[in-house]
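Below: the structure, in structure tokens.
Protein chains: 2
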Amino acid sequence: MVTSFNNNVPTKFPKLQPKAPNGPDLLQIERSKASFDVDALSKFTYGEEFLKRKDKILKILEAEPAFEKTQRFFQGRHERLMHAYEKDKRTIELSEELGWTDEDRYIVNLLYDQPSPYSLHYTMFLPTLKNQCNDEQIKLFYERALRHEIIGCYAQTELGHGSNIQGLETTATYIPETNEFEIHSPHLTSSKWWIGTLGKTANYAVVMARLMIHGKDYGPHPFCVQIRSLEDHRPLPGITVGDIGPKFGYNTIDNGFMMFNHYRVPHIAFLAKFTQVKPGTGEYVKPVNARLSYGTMVLTRAGIVNGSGLVLARGATVAIRYSAIRRQFVDLDEPRKWRNEIIETPVIDYTQQQYRLLSIVANAYAVIYASQELRDQYEVNQEQMQKGNFSFLADLHASSSGLKSLTTTMALEGLEDCRRACGGHGFSLFSGLGFAYQDYLPFVTFEGDNYVLTQQTTRYLLKTFRSLIAGKTNTEQKNLTTTYLSQYLQNPNTTCPAISGAEFLNPELILTAFGYRAAYGVAQLVEELDQNGRSWNSVLVDVARVCKAHCQLVLVQSFFVRIQQASEKDLGPEERKVLQSLAYLFALHTMEKDVAEFLVSGYLSAAQSKLLKRQVLDLVALIRPNAVSLVDAFSFPDYFLASALGRYDGNVYEAMTEYVEKEPLNQKVVVDGYEKYIKPFVHRGLQRKNDSKL
Amino acid sequence: MVTSFNNNVPTKFPKLQPKAPNGPDLLQIERSKASFDVDALSKFTYGEEFLKRKDKILKILEAEPAFEKTQRFFQGRHERLMHAYEKDKRTIELSEELGWTDEDRYIVNLLYDQPSPYSLHYTMFLPTLKNQCNDEQIKLFYERALRHEIIGCYAQTELGHGSNIQGLETTATYIPETNEFEIHSPHLTSSKWWIGTLGKTANYAVVMARLMIHGKDYGPHPFCVQIRSLEDHRPLPGITVGDIGPKFGYNTIDNGFMMFNHYRVPHIAFLAKFTQVKPGTGEYVKPVNARLSYGTMVLTRAGIVNGSGLVLARGATVAIRYSAIRRQFVDLDEPRKWRNEIIETPVIDYTQQQYRLLSIVANAYAVIYASQELRDQYEVNQEQMQKGNFSFLADLHASSSGLKSLTTTMALEGLEDCRRACGGHGFSLFSGLGFAYQDYLPFVTFEGDNYVLTQQTTRYLLKTFRSLIAGKTNTEQKNLTTTYLSQYLQNPNTTCPAISGAEFLNPELILTAFGYRAAYGVAQLVEELDQNGRSWNSVLVDVARVCKAHCQLVLVQSFFVRIQQASEKDLGPEERKVLQSLAYLFALHTMEKDVAEFLVSGYLSAAQSKLLKRQVLDLVALIRPNAVSLVDAFSFPDYFLASALGRYDGNVYEAMTEYVEKEPLNQKVVVDGYEKYIKPFVHRGLQRKNDSKL
């Protein structure tokens, strides 16, 4: 039986106002309290040029249907993937039309804010080709890829292997007779897996496979391999390829798997810029210097660290704006009023909420500035390496590994905390935090698992410490690590001099504290390993702690350096003042959270830790009036945030109801399942009622 | 242009084995190391009766297509909702056929493990009617709801109001002339929001609205209101109702909104068991004793705490089984071998992984047993209240609020940590952890926001402390709180006597430590408020810390009590031994994580904290051989886990590939968007190549 009325009537909300005071009024109050110029801080953080470009591109995207962002809330995976293809195609067209640079496309993707099928073509396929191709291969692969005549991915991870590249199973055996390589997947676990852009999109792949020549295993090497027909996109014979299925996020990209069945590729497939396999003889010619590629990893990681900062900034923007509007309970000690009537207190006025959210704002600025420091240091290091000076590389590489690990973990935790700080509505996708969280999740695992990375960093710290003890380190080549480790070795029993909370507001004191605590951890670990004979595996918990201690120091130092080195032209007095407070909040709140390590090292006393705790709350209170302006200065347009709660204008509840009116279930009066699943029971009841009347 | 080949060929994996050793072999090794009987521990934890029922129901569900669980991975929201309706309908039919009890249905939902459209009918509508209806209403509403002739929900939260019920905006004005109530939504923010089962399913609702009589506001009261036609399911005139749109999880249920436009309901709609509005005069008759309803909240929260334990248990089951199979890197100090060849080390053998995962196993057992203690105490309290003794209620209510807050936060954190401990594959929905996480998220917000709840608990602790100082507490009525607060007051300068790590393995020492630390926090807070004149708002950060300290003590104590009070028949010596180790691990790891508070209170010294840290690692090593068996004892069937990684048999990689073959994108050789979005660029390249040949 079909219902007899017109069922296709969309549900509309009545035209009512939210209960006063309204969002725009409350945000207006907040913004009037700013002690600094929002635009000036934005310019300091991003640079004027970047902000101009961003605004220009934003206007283009907002006018293009291919970049519309609301529909994604309501679509299933297939529809979202199709829309992502459309966006990729339109991006290529606009790039060609408007002559977009790489940085322009970075801004496009930042604003559009969703992985898409071509992503790995840009982020891994092209850069790998650029770095690893010889001249012939540049023409054959790279230049065609630049024109999108071939679409590629980077196939390294396998079903059974992620972090340990040396354990990869896929083989590439050199066949001298035909001057080919035979790529093969010997086990089910050898299947390439998780490879973005591979599942349904790519027709080429850079494949990492163990190079086998005359029975000898030379370990994993990159091959550029055609995998699908350029005519009709069918997988080539010998290749099994497909999508790995639904994920927690990232469902707008086709992460794929691929298996090879004795698949032959020509000699030219072996990427030969650094390493060669001589045709015919199969002679293996080693690379000259592998260290150069570590430099690139630093840059990749600086990008990830910057992304972590933006994730925190975005979460804080949504949560702080909404917290200024959302009201719960009346604070009886200090009731808030609106037009002479007591109103419920905006949740931003509760100290617990301020403590949670302002520390995240501080984290965001800290991480963004640290990524900029990292990029600057990368530039210096590249210059030095060109001159043959590799002395900065190890320190930079170690810090960048650890910072990737620490800041991505911080970002996820902070983003989720922001979501919860939005109360129930944080759980709605209309908060704009749902996809952001889901799509950010893999960052704690990929580009180096966060736990595995800590081992790299700590190994370097231990090595440096041992070398300092042995007097082997050239003290001319000072860097952050040698500096704080030397200071500790010179004075291992130093203690914190602060006798009041205000004395903690001192960069030197703070850096000494973080340096001492990191060095103490390193020293303890060296003792465990070298004197107490413990195995590496048995101390892994401390290895991770030491890495974190080091990286927190790097973050704190970067923040202070960034402010100190800014010219008066770049950073006005009021902007400098608020950043200084944020840097203190970042440093002291970080110290407070891990205060046990500062206490156990003997550097801080219990009494001092109480002063510290109070000082953090004082800083929060000091920064509180700038809360909304500090997130405004992150300069995220509403298009980017795609959030009903985080809108710049504060019309939160109107936005929520507008989104809800678009929900597909609300386009019909009676839900599809009614006849089959609900009606039988309800009508049984009506029947019973009628029967009892008889 | 259409591709000319048959595109509808599903992708199949080649028939290959994973690289040896295989999952089943590795799990077999793990299981052979168990020091205790897995079934015996399961029986102790759940009771034999429950396990039997679970097995019986499991067999039924596995045979019913309506309860199939794989398809959900691949479905969009609409399909998943329809399938959920089907499941609800079949559950009702099977309940009627097989005479399922409430506990049977609890098991059904536990195993099926997904919210469904009728959920709130059972969890809120029926219980509210049962508790709040007078005899006439029981017949009119409750009995019909039991037969599913009416389907209801519980409409309390509003767009602008969650935690603060007193701030609700919806009004119900008594109209003496017609003996009706007029329900009305004055603002946009008055819209009911988040109401499960309301969006598209319910035809009735219990609506919380401010009772207005003769211009006087009596605050929120419950009304049972028809909202949709029983004939054709259309919303009744005066009601705007619909679904609130997509959420982070919970998308298989229709959380809804509802607005009333001067909507009239008859006098009988006012739920009148405790409170009455006299017909005609509108005289308001107050409830006799509201405290009785706090008892029910304790039971609800005990259920939530139990659920938190199961969430932790499930995460640990998946992560530990998979960690025994997944191998990464060779541990050079102690290489693992298989058939005389060195293999990569299973990640469970890395101490960092053990530390992460075994502490979660300990948390899981701690929380499950604490929920059982809470339920037992609820029973005792109900008996006492019936006798007019309300002396247990406040303590029980305070602890249950705090435990809800603490354990749901622990559960989410632990579940996410388990997901990350699975490496890359943890991000696949086939890990079985994705939906689990998404659907569990709201627990930190609903049934009392976790931050707001801490205030309830801490308020009680402060009141008790002040009352003890004033000598007002009847020391005959001892409970946990008065005991540890009194001990502290008697001896506020006591310190920890341990001089070796092993001395921490002592329940009395541990309980003293947790009691001291909690009491110290309470004392400090009382001083801040009562002596230093600080406002409640200014100390909220410490309020939350104090609540956590109290609840950790409750958890630790419950664990020890549960073991100590178990008879030898219920708990054999080996099972007792392993539980004892877990209880120590739980207590000491919890202490270690918050060791700063133990240090600052002066109870623990820095040297002792080092002993503690080492003791935790020793406990982890002690428990390690039982890792897989301890999660086996949680007794989760594969049907429940729905996880490729957590399967009992260990065939992880085969399961991953089987799931992947079901992915809709893999049913076609060439992806749908190819012609439109990929081909133009690739064929432009072919054209260029042909042109250059000319």
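Chains as they are written, first to last, in full-length UniProt numbering: chain A, 1 to 694; chain B, 1 to 694. A virtual CB, placed ideally from N, CA and C, is assigned to each residue, including glycine. Note that the structure is predicted; figures quoted are calculated from it, not measured.
| Item | Value |
| --- | --- |
| Could you check if F5(B) is buried or exposed, using at least 16 other CB atoms within 10 Å of its CB as the buried criterion? | exposed |
| Buried or exposed: which applies to I348(B), given that a residue is buried once 16 or more other Cβ atoms fall within 10 Å of its Cβ? | buried |
| Rounding to the nearest angstrom, what Cα-Cα distance links M258(A) and D113(A) in this structure? | 27 Å |
| In the DSSP assignment, what residue or residues form a beta bridge with I563(A)? | DSSP lists no partner for I563(A). |
| Leaving aside the five residues before and after L332(B) along the sequence, list all residues of the same chain whose C-beta is less than 6 Å from its C-beta, in chain order. | none |
| Just the Cα atoms here: how many angstroms apart are G315(A) and Q166(A)? | 38 Å |
| Give me the Cα-Cα distance between T275(A) and N537(A), rounded to the nearest whole angstrom. | 34 Å |
| Hey, could you find the ends of the beta strand (DSSP E) F636(B) is sitting in? | No beta strand (DSSP E) contains F636(B), which DSSP labels as neither H nor E. |
| In this structure, how does DSSP classify V265(A) when only helix, strand and coil are distinguished? | strand |
| What residue from A566(B), E169(B), L553(B), L393(B) has the CA that sits closest to A20(A)'s CA? | E169(B) |
| Can you give me the C-alpha to C-alpha distance between E182(B) and A209(B), rounded to a whole angstrom? | 10 Å |
| Closest Cβ-Cβ distance between T201(A) and chain B: below 9 Å? | yes |
| In the structure shown, what three-state DSSP assignment does L453(B) receive? | helix |
| Is T128(B) helix, strand or coil by DSSP? | helix |
| Report back the beta-carbon spacing between H233(B) and N203(B) to the nearest angstrom; my notes put them in contact at under 8 Å. | 7 Å |
| What is the DSSP secondary structure of G434(B), counted as helix, strand or coil? | helix |
| Under 8 Å Cβ to Cβ from I244(B), same chain only, skipping five residues before and after it: list those, please. | W193, W194, G199, N255, G256, F257 |
| Please go through the region 533–607 of chain B and give each complete alpha helix (DSSP H) segment of 4 or more residues, from N-terminal end onward. | 540–565, 573–593, 595–600 |
| Should D691(B) be flagged as near chain A, meaning a C-beta pair shorter than 9 Å? | no |
| Against chain A, with Cβ distances strictly below 9 Å, would K139(B) count as a contact? | no |
| At what residues does the beta strand (DSSP E) containing P222(A) begin and finish? | 216–226 |
| Closer than 7 Å by C-beta to N251(A): which residues in its own chain qualify, once you throw out the five before and the five after it? Chain order, please. | R77, R80 |
| The region 250–264 of chain B: which residues have C-beta closer than 8 Å to a C-beta of chain A, in chain order? | Y250, D254, F257, M259, N261 |
| From the DSSP secondary-structure annotation, give me the bridge partner or partners of D243(A). | G256(A) |
| Which two residues bound the contiguous alpha helix (DSSP H) that contains L26(A)? | 23–32 |
| Helix, strand or coil for Y154(A) per DSSP? | strand |
| In the region 162–181 of chain B, which residues sit with their C-beta less than 7 Å from some C-beta in chain A, listed in chain order? | G162, S163, N164, G167, E169 |
| Would the region 632–648 of chain B and the region 29–47 of chain B be scored as touching if the rule is three or more Cβ pairs under 8 Å? | yes |
| Is there contact between the region 126–146 of chain B and the region 304–312 of chain A, where contact requires at least three CB pairs shorter than 8 Å? | no |
| Quick one: grab the DSSP three-state call for M1(B). | Residue placement at M1(B) is poorly supported in this model, since its pLDDT is 46, which falls under 50; the coordinates are not used for a value here. |
| Given this structure, state the Cα-to-Cα distance separating T171(A) from Q156(A), to the nearest angstrom. | 12 Å |
| Listed from N- to C-terminal order along the chain, which residues in the region 669–681 of chain B have their beta-carbon within a distance smaller than 8 Å of any beta-carbon of chain A? | V669, V670, V671, D672, G673, Y674, K676, Y677, I678, K679, P680, F681 |
| Please report how far the alpha carbon of Y85(B) lies from the alpha carbon of G673(A), in whole angstroms. | 7 Å |
| Can you grab the Cα-Cα spacing for the pair M1(A) / A66(A), in whole Å? | Reliability fails at M1(A), whose pLDDT of 46 lies under 50, so the model's placement of it is uncertain and the value that follows must be treated cautiously. Cα to Cα, M1(A) sits roughly 41 Å from A66(A). |
| Would you kindly report the start and end of the unbroken alpha helix (DSSP H) that includes R336(A)? | Per DSSP, R336(A) belongs to no alpha helix (DSSP H); it is in the beta strand (DSSP E), 336–338. |
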